[in-house]
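Novice: Pasting in a structure now, in structure tokens, and then I'll have a few things to ask.
Number of protein chains: 2
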Amino acid sequence: MKPRDWQRYPYPFLYGQIDPSMLPIPGWRECSLQALSGSEVRGWAGDLIDGDDALLIEQIQTRLLARRGVFASADEILVTVGAQQALFLIATLLVGPATTVGVEDPGYPDARNIMAARTPSVVALPLDASGLALSPGLDACDYVLLTPSHQCPTNTTMPLGRREALLAWAQARDRVLIEDDYELEIGLEGRAQPALKSLDRSGRVVYVGSLSKTLAPGIRMGYIVAHRDLIREARAMRRLMLRHPPANNQRSAALFLAMGYHDALLRRLRQACAERGALVVAALERHLPDVAVSTAPGASSCWLRFPDGADTRALAVAAERAGVLIEPGDVFFAGDRPPRQYARLGFASIATDRIAAGIAALAGAFREVGMSSVRVP
Amino acid sequence: MKPRDWQRYPYPFLYGQIDPSMLPIPGWRECSLQALSGSEVRGWAGDLIDGDDALLIEQIQTRLLARRGVFASADEILVTVGAQQALFLIATLLVGPATTVGVEDPGYPDARNIMAARTPSVVALPLDASGLALSPGLDACDYVLLTPSHQCPTNTTMPLGRREALLAWAQARDRVLIEDDYELEIGLEGRAQPALKSLDRSGRVVYVGSLSKTLAPGIRMGYIVAHRDLIREARAMRRLMLRHPPANNQRSAALFLAMGYHDALLRRLRQACAERGALVVAALERHLPDVAVSTAPGASSCWLRFPDGADTRALAVAAERAGVLIEPGDVFFAGDRPPRQYARLGFASIATDRIAAGIAALAGAFREVGMSSVRVP
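These protein sequence lines are chains A and B, in that order. Mapping to the working numbering: the first sequence position 269 is 269, numbers consecutive. For the working numbering, add 377 to where a residue sits in the second sequence, where the first one is 1.
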């Protein structure tokens with residue numbers, strides 16, 4: 001992996017697209033207005049230097065982390081400008097040219113890019129049916145970045161046994177795991193696994209959370225939970241980097257959480273994702289029976305494996321002409337010659353009544369792009 | 378300068394304190410609400426990846442840069458999370474361990490800290506009556522960071538001749554100047570000097586602007602103007618760092634500028650600063666005649682030089698007990714043994730009718746702290 005890949009890296013992500021009908025506008029409007037009342041403004045208009053909104057920290061503790069089984073004190077939490085800044089801050093503090101970082105392959109491209117901008121030693125680690133595998137490559141890694149809740153992009157939820165095995169490995173080898181719990185809120189269900197961080201007894205899991213999948217990606221709100229020594233350093237570095245995330249948004253988000261709007265939104269999103277996911281899977285089975293589909297309860301996307309020889313780059317172009325957006329899957333792979341037969345299909349933003357027609361159009365695009373070796377219905 | 382100074386560095390800045398009566402709350406509320414209307418939300422709720430709000434860019438061009446004599450196309454501008462992120466991004470792209478960076482001494486501490494976190498070679502450059510001096514140390518610097526509009530913290534406005542001389546030096550030696558125009562908006566008057574960037578014909582000035590001094594520091598809104606090649610790299614790095622500044626705030630700020638609220642606010646702030654500055658200077662002359670005062674038209678602070686032997690750290694503690702906040706000036710100096718006789722006094726946030734009593738209280742605190750060698754009235 002070339003360290004300056006990030007500069008040339010195309011970013012065709014469509015995943016951030018949102019369904020306006022799912023946006024919590026009335027609640028956000030109410031909270032934004034309240035944050036603009038005279039008494040609230042005094043709290044946030046000034047420069048917080050390196051501080052965070054105390055109410056937001058409290059709400060992250062009680063409304064977000066507690067559900068994930070994570071109990072953290074205020075000095076173990078730092079608010080960031082989205083999960084992206086969380087990963088960047090962690091990389092800036094922990095990763096240098098001599099550090100080896102393991103990333104999932106396939107995995108989130110910008111996590112790989114962030115690490116590759118800091119060190120030439122980014123190791124692409126293989127997955128298996130339980131998510132990140134206990135592979136021989138692991139031992140070379142000082143830090144390992146993983147998405148155990150919904151592996152990005154395959155949606156695998158890591159079972160408890162693998163989580164414990166990874167923690168035991170980290171403990172035995174004195175390594176640190178970086179848990180990107182980017183979809184925590186939507187994915188949360190009664191039977192959901194608690195976060196890897198909740199099993200961590202030795203402070204060797206650095207946890208990253210985000211409100212992008214619920215509140216709106218454009219608002220850029222994330223957070224880090226880690227040992228207080230690391231948070232202290234991250235806070236000092238964040239001060240240099242940008243001082244603090246915009247404080248008006250911190251207060252609005254705090255109110256949004258405190259008034260229960262976020263809990264209600266979670267329920268709505270969970271229901272929508274479950275309903276839409278089931279429709280997408282059923283439509284794929286009907287229209288594209290040769291495509292292997294991987295999703296999970298509460299996930300907001302499907303990971304699709306088209307038959308050998310398929311080219312999802314070409315398919316994405318044809319599908320877009322038909323009004324359907326898919327993400328070609330090659331960007332998730334670390335190698336120079338990534339496979340072209342995968343794609344990610346986000347469905348959180350697709351209105352329920354448009355799903356069947358959309359998948360039919362995708363199948364039509366697949367026929368149009370053509371692939372003689374494949375039986376297309 | 379030790380490269381990791383920033384970790385231990387105390388940050389006693391009080392400058393970011395704001396006067397709630399000067400905050401443009403009604404206008405900001407209206408713009409925030411409009412940004413939350415259905416049609417606007419579609420524009421910003423999604424992930425912009427590495428994009429900026431097009432209306433904000435246009436408003437920066439027409440309402441902010443044009444007044445400073447700077448004409449830039451959209452691909453020469455990048456929005457940042459405050460001027461701090463602008464400086465951090467520039468340092469991340471341009472400064473490595475082998476780079477020498479010149480900073481003003483005294484100067485903005487976090488600019489020095491940002492550079493010192495990237496390279497051991499940060500050169501403290503002396504000032505004279507025209508601001509940054511043409512000193513021998515200049516030639517060692519690959520990049521020079523300066524605040525020509527209102528030198529931070531001395532408030533010196535650099536005359537045209539010095540600006541031209543610095544540009545000629547940069548041109549002859551193939552060096553780059555980084556202009557931090559942090560107080561552009563308040564400082565703007567009929568007779569104000571245009572920005573250094575406006576004189577730049579060879580693309581060797583990187584310009585940093587901010588809305589913190591007008592809109593509110595807590596909102597964290599800044600921007601970089603530079604050659605499009607540098608902006609392209611900065612945009613790619615910003616994507617890794619945090620993707621983009623919160624898009625709801627970008628849209629609200631764009632509307633705030635477009636509706637003329639910012640222009641009106643500028644006039645109000647300019648008037649308040651002129652009025653308050655004159656009162657502060659008069660009260661200082663009366664109550665602390667041995668203190669040398671340096672301010673400038675449109676500035677929002679005074680730089681105070683107390684007599685030799687004074688200790689403004691002790692004074693700040695005593696003054697705070699009397700309800701007056703001053704910034705001890707030693708933090709602005711680069712050396713290990715900074716002088717203790719300087720202080721900065723921000724007055725933008727002090728209500729007009731409290732100024733005379735406040736300065737009298739400051740003089741009382743100075744008497745209380747005591748200094749036998751000084752004649753105190």
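Glycine residues also receive a C-beta, built at the ideal position from the N, C-alpha and C atoms.
#1: Taking its Cβ as the centre, do 16 or more other Cβ atoms sit within 10 Å of Ser589 (chain B), making it buried, or is it exposed?
#2: Can you list, in chain order, the residues of the segment 24 to 52 of chain A whose Cβ is nearer than 8 Å to any Cβ on chain B?
#3: Using only alpha-carbon positions, find the residue among B:Ala624, B:Ser579, B:Thr531 and B:Val447 that is nearest to Val585 (chain B).
#4: Do you know offhand how far Met399 (chain B)'s Cα is from Leu634 (chain B)'s?
#5: If you scan the segment 600 to 657 of chain B from start to end, which runs of the beta strand (DSSP E) of 3 or more residues do you find wholly inside it?
#6: For Met221 (chain A) and Ala264 (chain A), which I take to be in contact (beta-carbon distance under 8 Å), what is that distance rounded to the nearest angstrom?
#7: Under three-state DSSP, which class holds Thr92 (chain A)?
#8: Should Leu370 (chain B) be flagged as near chain A, meaning a C-beta pair shorter than 9 Å?
#9: With DSSP run on the structure shown, which of helix, strand or coil describes Leu565 (chain B)?
#10: Entirely within the segment 306 to 346 of chain A and at least 3 residues each: give me those beta strand (DSSP E) ranges in chain order.
#11: Along the chain, where does the alpha helix (DSSP H) that runs through Pro403 (chain B) open and close?
#12: If you follow the beta strand (DSSP E) that Leu455 (chain B) is in, where does it begin and where does it stop?
#13: Determine the chain B residues that contact Phe88 (chain A) at a beta-carbon separation under 9 Å, and present them in chain order.
#14: Below 8 Å on the Cβ atoms is my contact criterion, and I expect Asp139 (chain A) with Arg163 (chain A) to pass it. Report the Cβ-Cβ distance as a whole number of Å.
#15: Cβ closer than 8 Å: which chain A residues qualify as neighbours of Gln778 (chain B)?
#16: Taking 8 Å as the limit between beta carbons, can you name the residues of its chain near Ala412 (chain B), skipping five residues before and five after?
#17: Could you give the residue range of the alpha helix (DSSP H) that holds Asp50 (chain A)?
#18: Return the chain-ordered list of same chain residues with a C-beta closer than 8 Å to the C-beta of Asp75 (chain A), the five sequence neighbours on each side being excluded.
#19: Starting from the C-beta of Thr534 (chain B), find all residues in its chain whose C-beta is less than 7 Å away, skip the five residues before and the five after it, and write them out in chain order.
#20: Grouping DSSP H, G and I as helix and E and B as strand, with all else coil, what is Ala669 (chain B)?
#21: With 9 Å as the threshold, decide whether the Cβ of Asp487 (chain B) is near any Cβ in chain A.
#22: My assumption, with CB atoms under 8 Å, is that Asn155 (chain A) sits in contact with Ser37 (chain A). Please give the rounded CB distance.
#23: Skipping 5 residues on each side, what residues in its chain have a beta carbon closer than 8 Å to that of Gly96 (chain A)?
#24: So Leu362 (chain A) packs on Ala314 (chain A), CB below 8 Å; how close in whole Å?
#25: Kindly give me the distance between the Cβ atoms of Ala322 (chain A) and Gly364 (chain A), rounded to whole angstroms, as I take these residues to be in contact under 8 Å.
#26: Using alpha carbons as the reference points, say which of B:Ala649, B:Gly686 and B:Phe743 lies closest to Leu665 (chain B).
#27: In this structure, does DSSP put Val70 (chain A) in helix, strand or coil?
#28: Between Thr591 (chain B) and chain A, is there a C-beta pair that is closer than 9 Å?
#29: Please list, in chain order, the residues of the segment 110 to 125 of chain A that have any C-beta partner in chain B closer than 8 Å.
#30: Which chain B residues sit within Cβ distance under 7 Å of Arg63 (chain A)?
#31: Comparing C-alpha positions only, which one of A:Ile219, A:Val79 and A:Pro153 sits nearest to Trp28 (chain A)?
Specialist: Checking against the coordinates, here is how it stands:
#1: Per the 10 Å Cβ criterion, buried.
#2: Of all residues in the segment 24 to 52 of chain A, Ile25, Trp28, Arg29, Ser32, Leu33, Leu36, Gly38, Val41, Arg42, Trp44, Ala45, Gly46, Asp47, Leu48, Ile49 and Asp50 have a Cβ within less than 8 Å of some Cβ in chain B.
#3: Answer by Cα proximity: B:Val447.
#4: So the two alpha carbons sit approximately 17 Å from each other.
#5: With a minimum length of 3 residues, no continuous beta strand (DSSP E) run stays inside the segment 600 to 657 of chain B.
#6: Their Cβ separation, rounded to whole angstroms, is 18 Å, which puts Met221 (chain A) and Ala264 (chain A) out of contact at 8 Å.
#7: Shown here, Thr92 (chain A) sits in a helix according to DSSP, grouped into three states.
#8: Residue 370 (chain B) is absent from the structure shown; chain B starts at 378 and stops at 754.
#9: Here the model assigns Leu565 (chain B) a pLDDT of 48, short of 50, so the residue's position is not dependable, and the following value carries that caveat. Per DSSP, reduced to three states, the secondary structure at Leu565 (chain B) is coil, with no helix or strand assignment.
#10: List check, beta strand (DSSP E) in window: 342 to 346.
#11: Going by DSSP, Pro403 (chain B) is part of the alpha helix (DSSP H) stretching over Ile402 to Ala412.
#12: Counting along the chain, the beta strand (DSSP E) containing Leu455 (chain B) begins and ends at Ile454 to Thr457.
#13: Near Phe88 (chain A) (Cβ distances below 9 Å), the residues of chain B are Leu617, Met618 and Leu619.
#14: Contact between Asp139 (chain A) and Arg163 (chain A) fails: their C-beta atoms lie close to 18 Å from each other, not under 8 Å.
#15: Nothing in the structure corresponds to residue 778 (chain B), since chain B is present only between 378 and 754.
#16: So the list reads Val418, Trp421, Asn625, Arg628, Ser629 and Leu632, once near-sequence residues are dropped.
#17: Membership of Asp50 (chain A) in any alpha helix (DSSP H) is not indicated, and neither H nor E is assigned to it by DSSP.
#18: Answer for Asp75 (chain A): Arg228, Ile231 and Arg232, listed in chain order.
#19: These residues qualify, in order along the chain: Ser526, His527, Gln570 and Ala673.
#20: Looking at Ala669 (chain B) - three-state DSSP - the assignment turns out to be strand.
#21: Nearest CB-CB separation between Asp487 (chain B) and chain A: below the 9 Å threshold.
#22: Between Asn155 (chain A) and Ser37 (chain A) a beta carbon distance of about 42 Å is seen, past the 8 Å cut, so the two are scored as non-contacting.
#23: Cβ neighbours of Gly96 (chain A) beyond the five flanking positions: Arg118 and Thr119.
#24: For a cut-off of 8 Å, the C-beta gap from Leu362 (chain A) to Ala314 (chain A) is around 13 Å, too long to register as a contact.
#25: Confirmed, Cβ separation roughly 6 Å.
#26: Among B:Ala649, B:Gly686 and B:Phe743, the Cα nearest to that of Leu665 (chain B) is on B:Phe743.
#27: Three-state DSSP puts Val70 (chain A) in coil, outside helix and strand.
#28: Closer than 9 Å: no.
#29: So the close ones are Asp110, Asn113, Ile114 and Ala117.
#30: Within chain B, no residue comes near Arg63 (chain A); the closest Cβ sits about 20 Å away, beyond 7 Å.
#31: Closest by alpha carbon: A:Ile219.
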